[in-house]
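Sequence positions in the sequence shown follow the numbering used here and run 160 to 531.
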Amino acid sequence: MSRRSFFFAGGGTGGHIYPSIAVAEQIVKLEPQSHIHFFVSTREIDTEILTQTNFSYTKLPAKGFSARPDRLIDFAVSFLKSCHIAKRAIAESSNAVVIGAGGFVAAPVCWAAHRLKVPVALLNVDILPGRANKMMAGWADAIFVQFDQTTQYFAKSGPKAHVVGCPLRSGFANPQPDRAVQQLGLHKDKKVLLITGASSGAENINRTICSLLEKLSTFADKWQIVHLTGRANFEDVKSKYTAARIKHKVLGYYDDMADLLAAADLVVSRSGAVSVAEYKAAGTPSICMPYPYHKDRHQYLNADKLVEAGAAVVVDDLPDADERAEWLWQELQELIKDEDRRRQMKKACATVTKPDAAPRVAEQLLAIQNQA
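See below:
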């Protein structure tokens, strides 16, 4: 049999790339000679994530869809250019499978594969599929989803949807919290409050936490903060910590989230699909502040799954900064003080996690390839 090739397509956020990396790691584990290649966006975060791996990648000029006349032409041109680049690379590889992770990067690559009659699979880790995955579902040989609820949106595509959970990088199988503590110079005997807006950061979360630093300093004898700001907001947030009396580590980005989440006693963050899966896998109690501006409000639905299990609470990212801070402080101080409740939330995480998602997807992709 000729060398197997797997092309992953998705980018713009860590949520489109991390599950693909997790599956790619498992493919290489099962078939070490496999060729793995990623098609990603031109956004800096894509490059930053993939340079931490051994996988090759190509940046595509793809842009998000817009019905505005002045942007529609740009979208169409970028789609065709991206499709041409992907089609040429896929055609040069025999025994290939293309895996779309959603978004504007995945669509032209999956379309190219469909035109070449190359098998296509989709990774859909959000509860509600986006426009691209809905469009591509008809081309797919298999669709892998995190939540049972998601299968209804692919019902017209036939029995293709498989509920597997969210593929997580191999580090989540054996996290090393002490390694994160050592790397970040944290105090071994203090609890860790982790603040993060996911891979790109969240400006409202950053501002709200900075407004609460004086109050958080009342817990300085037993707690410390690790704050992941996102690259764009790093300098501004770091300056706000200058007078903070609580021990802290402020970073723009940190890649070893399995170790860091395992070291954390409480996390405040958005509730993207990958994020909530990582909290579950790491057993980290969470305060979710869902991104409020998605039309379908899918981050609220993601967070609801954690709340239903007893593993999280939700604080709305309210437009009024004072109201937002007051709500967050109420939940924060209660959970910081209540170790028993945090322990119960940690146990609840274990009841809803699906740790074998990545190997299950990898095995099924190899099976699809064998049938092609």
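Glycine included, every Cβ here is placed at the ideal spot set by N, Cα and C.
Cross-strand partners of residue i (DSSP beta bridge)
{"i": "K238", "result": "Just to set this straight, residue 238 is Phe in the shown sequence, not Lys. Paired residues: none, contrary to the question."}
{"i": "E325", "result": "With the sequence shown as reference, residue 325 is identified as Cys, and Glu is not the correct amino acid for it. For C325, which the question treats as bridged, DSSP gives no partner whatsoever."}
{"i": "Q489", "result": "DSSP output for Q489 lists no bridge partner at all."}
{"i": "L281", "result": "G259, I302"}
{"i": "I384", "result": "L352, H407"}
{"i": "V426", "result": "L353, S445"}
{"i": "A532", "result": "An answer regarding residue 532 cannot be provided, because it is not within the stretch 160 to 531 covered by the chain."}
Alpha carbon of residue i to alpha carbon of residue j, nearest angstrom
{"i": "L525", "j": "L460", "result": "32 Å"}
{"i": "T210", "j": "F393", "result": "20 Å"}
{"i": "V284", "j": "G170", "result": "14 Å"}
{"i": "A440", "j": "K408", "result": "23 Å"}
{"i": "R230", "j": "A403", "result": "45 Å"}
{"i": "A248", "j": "R501", "result": "49 Å"}
{"i": "K315", "j": "V279", "result": "17 Å"}
{"i": "A521", "j": "D307", "result": "20 Å"}
{"i": "L410", "j": "I302", "result": "36 Å"}
{"i": "A357", "j": "A379", "result": "25 Å"}
{"i": "A449", "j": "R227", "result": "A small fix is needed here, since residue 449 is Pro in this sequence, not Ala. Straight-line Cα distance between these residues: approximately 28 Å."}
{"i": "F198", "j": "T309", "result": "25 Å"}
{"i": "K350", "j": "W382", "result": "5 Å"}
{"i": "E490", "j": "D475", "result": "11 Å"}
{"i": "Q342", "j": "G174", "result": "25 Å"}
{"i": "T367", "j": "F234", "result": "36 Å"}
{"i": "A480", "j": "D205", "result": "31 Å"}
{"i": "G289", "j": "C242", "result": "20 Å"}
{"i": "Y438", "j": "D300", "result": "30 Å"}
{"i": "C369", "j": "L189", "result": "46 Å"}
{"i": "V473", "j": "S430", "result": "9 Å"}
{"i": "D395", "j": "Y412", "result": "14 Å"}
{"i": "L487", "j": "L375", "result": "12 Å"}
{"i": "D415", "j": "S434", "result": "13 Å"}
{"i": "Q458", "j": "A432", "result": "7 Å"}
{"i": "D499", "j": "V511", "result": "20 Å"}
{"i": "E467", "j": "A509", "result": "13 Å"}
{"i": "N363", "j": "P451", "result": "11 Å"}
Whole-Å CB distance - residue i paired with residue j, under 8 Å assumed
{"i": "A183", "j": "F165", "result": "7 Å"}
{"i": "L425", "j": "L352", "result": "5 Å"}
{"i": "F313", "j": "A291", "result": "Contact flag wrong, Cβ pair sits at about 13 Å."}
{"i": "V268", "j": "A296", "result": "The Cβ separation is near 15 Å, so there is no contact."}
{"i": "L494", "j": "I446", "result": "7 Å"}
Chain-order list of residues whose beta-carbon lies under 7 Å from that of residue i (same chain, five-residue window excluded)
{"i": "G469", "result": "Q503, M504, A507"}
{"i": "S252", "result": "S164, H194"}
{"i": "H273", "result": "V279, W298"}
{"i": "Q305", "result": "V284, G324, C325, A432, A436"}
Endpoints, the beta strand (DSSP E) within which residue i is located
{"i": "A168", "result": "164–168"}
{"i": "L371", "result": "Unbroken run through L371: none, as it is neither H nor E."}
{"i": "K218", "result": "215–218"}
{"i": "A552", "result": "Only positions 160 to 531 of the chain appear in this structure, which leaves residue 552 out of reach."}
{"i": "F198", "result": "194–199"}
8 Å CB neighbourhood of residue i in its chain, flanking five on each side removed
{"i": "A421", "result": "P334, Q335, P336, A339, A441, G442, T443"}
Residues near residue i in its chain [Cβ-Cβ closer than 6 Å; skip 5 each side]
{"i": "T355", "result": "L387, S428"}
{"i": "F331", "result": "A417, A440"}
{"i": "A255", "result": "S164, I249, V277"}
{"i": "G360", "result": "T388, G389, N392"}
{"i": "P326", "result": "P178, A181, V182, A516, A517, V520"}
{"i": "Y477", "result": "Looking at the sequence provided, one finds Leu at residue 477 rather than Tyr. So the qualifying residues of the chain are R483."}
Residue range of the unbroken alpha helix (DSSP H) whose run includes residue i
{"i": "Q341", "result": "336–342"}
{"i": "P178", "result": "173–189"}
{"i": "Q523", "result": "516–530"}
{"i": "P478", "result": "First-last for P478: undefined, no H or E at that position."}
{"i": "F393", "result": "393–399"}
{"i": "R502", "result": "498–511"}
{"i": "Q458", "result": "457–468"}
{"i": "R274", "result": "265–274"}
{"i": "K293", "result": "290–295"}
{"i": "L209", "result": "203–209"}
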